[in-house]
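Protein chains in written order, with the numbering used here: chain A, 1 to 238; chain B, 1 to 238; chain C, 1 to 238; chain D, 1 to 238; chain E, 1 to 238; chain F, 1 to 238.
Number of protein chains: 6
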Amino acid sequence: MKRLKTGTEGLDELLTGGIPERRNVLISGTCGTGKTILAAQFLRQGVQDNEPGLMISFEQDEEKLIEDLLTIGVDVPALQKTGKFRLIGGPIGTVRRVQTRTKAKKDDILKEIERVVNELEAKRVVLDSINLFLMLFESEAEKREALAELVSLLAKQGCTTMLSCEIEEGSKKISHYGFEEFVADGVIVLYRIAFENMFERAIAVIKMRGIEHSKAIRAAKITKEGLKVYPDQEPYHK
Amino acid sequence: MKRLKTGTEGLDELLTGGIPERRNVLISGTCGTGKTILAAQFLRQGVQDNEPGLMISFEQDEEKLIEDLLTIGVDVPALQKTGKFRLIGGPIGTVRRVQTRTKAKKDDILKEIERVVNELEAKRVVLDSINLFLMLFESEAEKREALAELVSLLAKQGCTTMLSCEIEEGSKKISHYGFEEFVADGVIVLYRIAFENMFERAIAVIKMRGIEHSKAIRAAKITKEGLKVYPDQEPYHK
Amino acid sequence: MKRLKTGTEGLDELLTGGIPERRNVLISGTCGTGKTILAAQFLRQGVQDNEPGLMISFEQDEEKLIEDLLTIGVDVPALQKTGKFRLIGGPIGTVRRVQTRTKAKKDDILKEIERVVNELEAKRVVLDSINLFLMLFESEAEKREALAELVSLLAKQGCTTMLSCEIEEGSKKISHYGFEEFVADGVIVLYRIAFENMFERAIAVIKMRGIEHSKAIRAAKITKEGLKVYPDQEPYHK
Amino acid sequence: MKRLKTGTEGLDELLTGGIPERRNVLISGTCGTGKTILAAQFLRQGVQDNEPGLMISFEQDEEKLIEDLLTIGVDVPALQKTGKFRLIGGPIGTVRRVQTRTKAKKDDILKEIERVVNELEAKRVVLDSINLFLMLFESEAEKREALAELVSLLAKQGCTTMLSCEIEEGSKKISHYGFEEFVADGVIVLYRIAFENMFERAIAVIKMRGIEHSKAIRAAKITKEGLKVYPDQEPYHK
Amino acid sequence: MKRLKTGTEGLDELLTGGIPERRNVLISGTCGTGKTILAAQFLRQGVQDNEPGLMISFEQDEEKLIEDLLTIGVDVPALQKTGKFRLIGGPIGTVRRVQTRTKAKKDDILKEIERVVNELEAKRVVLDSINLFLMLFESEAEKREALAELVSLLAKQGCTTMLSCEIEEGSKKISHYGFEEFVADGVIVLYRIAFENMFERAIAVIKMRGIEHSKAIRAAKITKEGLKVYPDQEPYHK
Amino acid sequence: MKRLKTGTEGLDELLTGGIPERRNVLISGTCGTGKTILAAQFLRQGVQDNEPGLMISFEQDEEKLIEDLLTIGVDVPALQKTGKFRLIGGPIGTVRRVQTRTKAKKDDILKEIERVVNELEAKRVVLDSINLFLMLFESEAEKREALAELVSLLAKQGCTTMLSCEIEEGSKKISHYGFEEFVADGVIVLYRIAFENMFERAIAVIKMRGIEHSKAIRAAKITKEGLKVYPDQEPYHK
């Protein structure tokens with residue numbers, strides 16, 4: 001099984017070599033734990049490795065996203081100029097209103113994603129965030145279906161996918177609706193742990209179908225150079 | 001009471017010899033604990049023991065399932081060639097839409113399963129996952145009925161059954177809806193336990209009607225050779 | 001107040017002599033703790049003591065129930081041959097559908113139970129499980145009413161009753177809906193307690209109107225000879 | 001403020017002399033903690049003290065209630081013969097159905113209670129249980145209103161009242177709906193506490209408007225002589 | 001900012017001099033912690049300080065309220081005779097039914113309160129309890145609005161206000177609906193804390209806009225002389 | 001990335017220099033932790049730094065707000081006289097009723113805010129509180145959309161924004177609805193921590209996109225001089 005480098009220092013080591021090709025991985029964490037950074041570094045690595053990448057964002061403000069990524073060392077305009085990176089999406093509100101009219105939400109969105117993936121010959125895809133995507137559908141069954149079809153479609157197109165997933169502070173779950181981890185091929189969790197009046201960052205690979213991976217919870221840091229994982233370091237000692 | 005070997009090293013020891021014939025067992029666990037692996041190893045053992053096996057999967061992507069199982073040493077195409085293994089199902093979405101029209105969900109699904117079991121002369125059946133199956137029905141009473149009829153039907157056909165059951169991370173339950181364990185003849189729980197910054201795997205037989213079984217929580221591992229149970233080893237020491 | 005022997009070794013000691021006559025007892029516990037075994041042993045004891053017993057089961061599969069009870073030493077066909085034991089009921093689904101048409105659920109069921117009790121001259125009754133019985137009614141008030149009328153009817157017929165009650169794993173309650181224990185005359189709870197990587201069995205009499213009883217939580221075991229209580233033994237030591 | 005003896009040995013000491021006249025007290029506890037016993041002993045004391053007492057019970061089976069009370073030393077028929085004790089009520093189901101027709105539930109019930117109180121010249125009233133009474137009303141506001149009117153009516157008639165209140169096992173509340181304790185003048189809680197594999201009984205006066213009372217949690221016992229409180233004894237020592 | 005003496009011994013010390021004028025304070029606590037006592041002592045102090053006070057009570061039984069307050073040393077009839085104290089309100093049921101007809105609940109109640117405040121030239125107001133007042137409105141938004149308008153109206157009339165707030169036993173909240181503390185200018189919490197088989201009373205000023213206040217949790221007592229705070233004493237020592 | 005001084009002593013140090021320009025920050029905390037104070041000090045600093053500030057308040061009572069701020073040293077009328085500070089808004093009830101009629105809530109509010117921001121040439125905006133703003137919208141999706149559009153609009157106008165967020169006492173969340181922290185660029189949490197019978201104040205920067213920040217939980221105080229942060233001091237020692 002071919003592996004894709006994650007572009008996050010130290011993480012490939014926990015994954016014994018990277019993300020398996022054509023698989024999708026849930027990147028779960030509470031706010032400010034670095035989910036989008038990890039995902040963006042994944043696409044930047046793709047540009048380096050000649051694996052074109054698509055970022056599907058439902059955030060309101062594209063400009064701000066680009067500015068933020070620059071501060072941790074991911075230069076989106078530079079990536080775009082290579083022709084191997086594209087950013088699509090737009091506010092959830094726009095998507096929601098359009099779709100409510102056409103009554104064909106899921107199929108429309110999936111077709112549009114498929115079209116861009118083909119055009120770009122994308123090998124890597126990031127969906128930021130899966131919470132906003134799933135908010136477009138009503139029942140749990142519809143949400144589960146939409147997610148399953150999306151990841152299946154991307155696998156068929158040969159893409160390896162990261163899905164960022166927002167976890168409410170104080171929750172013990174590793175996804176918002178509680179089923180996303182079962183649909184995903186892999187789950188990486190980013191933690192913020194309060195220990196002796198400090199918030200420590202940590203990361204763990206919870207699940208990664210098809211490969212062996214570390215079972216450790218390891219220290220992580222976010223600096224100007226982005227998110228970095230310390231595969232030999234515990235996040236704290238009691 | 002005849003026993004069927006589980007095909008998972010070390011597990012038969014916890015079960016004092018295997019799963020009782022014609023019974024059904026819930027395989028419960030959070031994501032990435034090896035439920036599907038355990039179930040697939042059960043069917044592979046069946047091929048070796050001349051007990052044909054049927055895998056009913058509601059997952060979106062059959063290809064990926066086959067690929068995953070190969071990485072832990074279960075070669076589905078090879079099993080299929082023996083004529084003693086069959087994989088049926090398809091995405092939950094397909095089933096749901098068809099059934100909504102016909103208004104005869106449960107009976108249709110059960111008849112189709114019965115037909116294939118007879119054709120294959122199946123002795124072993126895996127339902128992966130029971131969560132997706134039960135999502136097809138509305139009220140708790142309907143879900144409970146559907147599950148009871150399914151396991152009864154399979155018992156009448158002489159099948160021994162494993163039902164994989166997804167547990168939400170952080171939950172203390174051993175099933176999704178809270179009643180599945182009462183309908184099942186047996187319950188095996190797969191655990192992921194955070195201990196000193198490591199995730200340890202463990203397994204326990206919670207219930208197995210008709211036989212005596214170990215009451216211990218024991219260590220487990222997932223490697224390239226699949227899931228293995230260590231019947232004499234505790235998952236961690238405090 | 002006359003007492004009935006429970007037929008479970010060690011339990012009569014906790015009850016200072018057995019269950020008071022004409023009373024009903026809730027047998028509560030999570031899955032696999034031995035509720036049905038305890039109830040069946042109660043009816044077997046009745047056959048020995050010339051107190052005919054009726055088992056009302058809403059389980060799907062009568063055959064499997066009979067087979068299971070045999071493995072812990074309760075021979076249902078042999079009991080039936082004595083003419084002092086009867087097993088009635090059938091799947092909850094059947095009952096539910098019939099009753100929905102007639103619009104007289106509760107009265108129909110109670111009349112049928114009364115008829116069989118009279119025919120058999122039953123002195124002991126087991127309802128397995130009360131969860132399935134209560135699922136036939138809508139609101140909490142209707143459920144409570146139905147349960148109160150059932151146990152009152154049985155008391156008037158001179159019957160002593162056991163009602164098995166399924167508790168969801170991880171719950172701190174001693175009944176499913178939270179009111180059953182107030183309608184019942186007695187409550188016996190069966191426990192599965194995780195202690196040092198082992199699941200220990202335990203039992204306690206929580207309530208038994210009309211008699212003095214032990215207030216201890218005591219060790220229990222399920223073997224080929226059935227459920228046995230150790231009235232002088234704690235389930236574990238810290 | 002005149003006090004009424006509770007009739008429960010040791011309890012008057014915690015209350016520095018008994019229940020204040022014309023007040024109402026919530027007797028809260030999980031199943032089997034002795035709520036009905038405490039209430040019945042209160043009425044028996046009334047007979048001795050020439051304060052006629054009325055027991056309003058919504059339980060299904062009056063006969064069984066009488067039998068139970070006899071086993072802990074409260075002889076209801078003997079009390080009835082004195083002409084200073086009356087038992088009214090009947091199953092909640094009966095009340096509920098009648099009332100649904102007349103559309104005047106609350107007023108009807110209150111008038112009937114007032115009539116009997118006057119006839120008997122009752123000085124003490126027991127409502128067993130308040131849960132069943134409140135189940136007759138829909139919204140929280142209606143329930144609260146009904147309870148407030150009931151206790152106000154009884155106070156105006158010069159009655160001192162005990163209201164038994166069922167608490168679900170495992171709950172941290174001291175009433176079922178969470179507002180009853182605010183309507184009541186006093187709250188006495190009966191506990192069952194698991195300590196070193198034994199269930200210990202305990203009692204505490206949580207609130208008693210108009211008087212000073214003990215703030216201690218004290219040991220209690222239920223024997224053939226009924227419920228007894230040990231005002232100088234802690235329920236357990238760590 | 002002018003301060004009003006609370007009339008509760010020791011409390012002014014925690015407040016560095018009393019309640020700021022024209023502000024409102026939530027007095028929160030579970031049942032029997034002395035909320036009404038604290039509020040009544042506040043109005044009695046007002047009579048002494050020539051600041052007329054209005055008590056708005058939605059309780060069923062005015063007579064009983066007066067009797068209770070007398071037992072802790074607050075003589076309502078004597079206060080009324082001074083012409084500087086008034087008690088209005090009446091059962092919530094009455095208010096609710098009238099208002100449902102007129103469809104102008106909030107405005108009617110507020111106008112009536114304004115009228116009495118003006119007539120009495122009230123400087124202090126007590127609302128006992130805010131739970132019953134808010135029960136008159138449907139949605140959270142309506143409740144929040146009603147509360148905000150009420151406290152604003154009273155501030156404009158120059159009144160300083162106490163709002164008693166019932167907290168359900170076992171809850172970690174400091175108000176019933178969870179928003180009252182944000183609308184209030186101040187929050188004082190009364191505690192009952194179980195410690196070594198005794199219930200200890202305690203008090204803390206959680207918030208008081210406009211002034212500095214103690215951040216300590218301090219011991220309190222209720223005796224025949226009413227509620228007393230011990231500003232230098234911890235409620236218990238571990 | 002340009003930074004704006006927060007105006008709260010010690011906080012800029014935790015932020016390594018202040019809030020990034022054109023970003024929005026959630027100021028979360030339970031009642032009385034100083035959210036409004038922190039936000040007001042932010043606007044006062046703006047007046048000093050020639051960055052005009054707009055405070056949007058949905059509170060009922062503007063006068064009281066002004067009075068409160070004065071007590072902690074923020075003189076609103078003085079700020080208003082500089083022409084670089086404006087306070088708009090009004091009670092939530094007013095807004096809610098108007099908007100329900102016009103059916104164009106969000107757009108109307110956003111346009112009005114945009115107009116004032118332009119008029120004032122505001123560089124800093126405070127929304128106090130976001131809870132009241134979001135209460136104007138129905139579903140989670142609508143709330144999320146409204147918040148995303150608001151912060152996007154303000155960023156486009158060149159404003160740096162603080163959004164105060166009320167957290168219910170006892171909750172482990174850092175926002176009311178659980179999604180606000182994901183829409184915000186930054187999150188600062190204000191704590192009240194009970195430790196040895198004292199409430200200690202603390203603060204932590206949970207997230208701040210675009211910059212590096214302290215990961216420490218640090219001591220804070222509210223005095224007549226307002227809110228002050230102690231960047232080198234832990235809130236308590238065990």
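From the three backbone atoms N, C-alpha and C, an ideal C-beta is built for every residue, glycine too.
- The beta-bridge partner set that DSSP reports for Pro20 (chain B) consists of B:Arg3.
- Beta-bridge partners assigned by DSSP to Ala204 (chain C): C:Val189.
- Within the DSSP bridge table, the entry for Phe199 (chain C) names C:Ala194 as partners.
- Annotation: the continuous beta strand (DSSP E) that includes Phe85 (chain E) extends over Phe85 to Gly89.
- When DSSP reads this structure, Ile56 (chain C) sits in a beta bridge with C:Ile88 and C:Leu127.
- Between His237 (chain C) and Leu14 (chain C) the beta-carbon gap is near 19 Å, outside 8 Å, which marks them as no contact.
- Under the three-state reduction of DSSP output, Ala148 (chain D) falls in the helix class.
- Non-local beta-carbon contacts of Asn24 (chain A) in its own chain, meaning distances under 8 Å to residues more than five positions away in sequence, involve Val151, Leu154, Ala155, Thr160, Thr161, Met162, Leu163, Ala184, Asp185 and Gly186 in chain order.
- Contacts between Phe182 (chain B) and chain C, judged by CB atoms closer than 7 Å, involve Cys31 and Glu166 in chain order.
- Glu9 (chain C) places its beta carbon less than 8 Å from that of Val229 (chain C).
- Boundaries of the beta strand (DSSP E) around Val229 (chain A): Gly226 to Tyr230.
- Think of a sphere of 8 Å around the beta carbon of Lys224 (chain C): the chain B residues whose beta carbon falls inside it are Glu212, in chain order.
- DSSP places Leu65 (chain E) inside the alpha helix (DSSP H), whose first and last residues are Glu62 to Thr71.
- When DSSP states are grouped into helix, strand and coil, Lys215 (chain D) belongs to the coil group.
- Think of a sphere of 7 Å around the beta carbon of Arg209 (chain A): the chain B residues whose beta carbon falls inside it are Asp68, in chain order.
- Excluding five sequence positions before and after Tyr191 (chain E), the CB atoms of its chain that fall closer than 6 Å to its own CB belong to Ala202, given in chain order.
- For Thr160 (chain F), the enclosing beta strand (DSSP E) covers residues Thr160 to Glu166.
- In the displayed model, Ile27 (chain F) falls within a strand according to three-state DSSP.
- With 16 or more neighbouring CB atoms inside 10 Å of its own CB, Thr36 (chain E) falls in the buried class.
- Between Gly89 (chain C) and chain D, the shortest Cβ-Cβ separation is not below 8 Å.
- Following the DSSP letters along the chain, one finds Arg209 (chain E) in no alpha helix (DSSP H), marked with neither H nor E.
- When secondary structure is reduced to three states using DSSP, Lys221 (chain D) falls in the strand class.
- Straight through space, the alpha carbons of Pro20 (chain E) and Lys2 (chain E) are spaced by roughly 6 Å.
- Contact between Leu43 (chain A) and Val116 (chain A) fails: their C-beta atoms lie close to 14 Å from each other, not under 8 Å.
- Annotated three-state conformation of Leu11 (chain F) is helix, per DSSP.
- Nearest to Met208 (chain C) by C-alpha distance, out of D:Phe195, D:Lys64 and D:Ile27, is D:Lys64.
- Interface with chain E (8 Å Cβ-Cβ cutoff): Phe199 (chain F) is included.
- Take the alpha-carbon of Met55 (chain A) and the one of Leu54 (chain B): they are about 40 Å apart.
- Neighbours of Pro235 (chain E) in chain F, taken as residues at a C-beta separation under 9 Å, are given in chain order as Asn197.
- Neighbours of Gln60 (chain F) in chain E, taken as residues whose beta carbon is under 7 Å from its own, are Ala148, Glu149 and Ser152 in chain order.
- Residue burial annotation: Glu168 (chain A) is buried, with at least 16 other C-beta atoms found within 10 angstroms of its C-beta.
- Under the DSSP assignment, Lys105 (chain F) falls in the alpha helix (DSSP H) whose first and last residues are Lys105 to Leu120.
- Cα atoms of Ile193 (chain A) and Lys221 (chain A): separation of roughly 12 Å, rounded to the nearest angstrom.
- Between Glu142 (chain E) and Leu110 (chain E), the CB-CB gap reaches or exceeds 8 Å.
- By the 16-neighbour rule on beta-carbons within 10 angstroms, Ser57 (chain C) is buried.
- Cβ-Cβ distances below 7 Å link Phe133 (chain E) to Phe58 and Leu127 in the same chain, with the five nearest sequence neighbours on each side left out; the list follows chain order.
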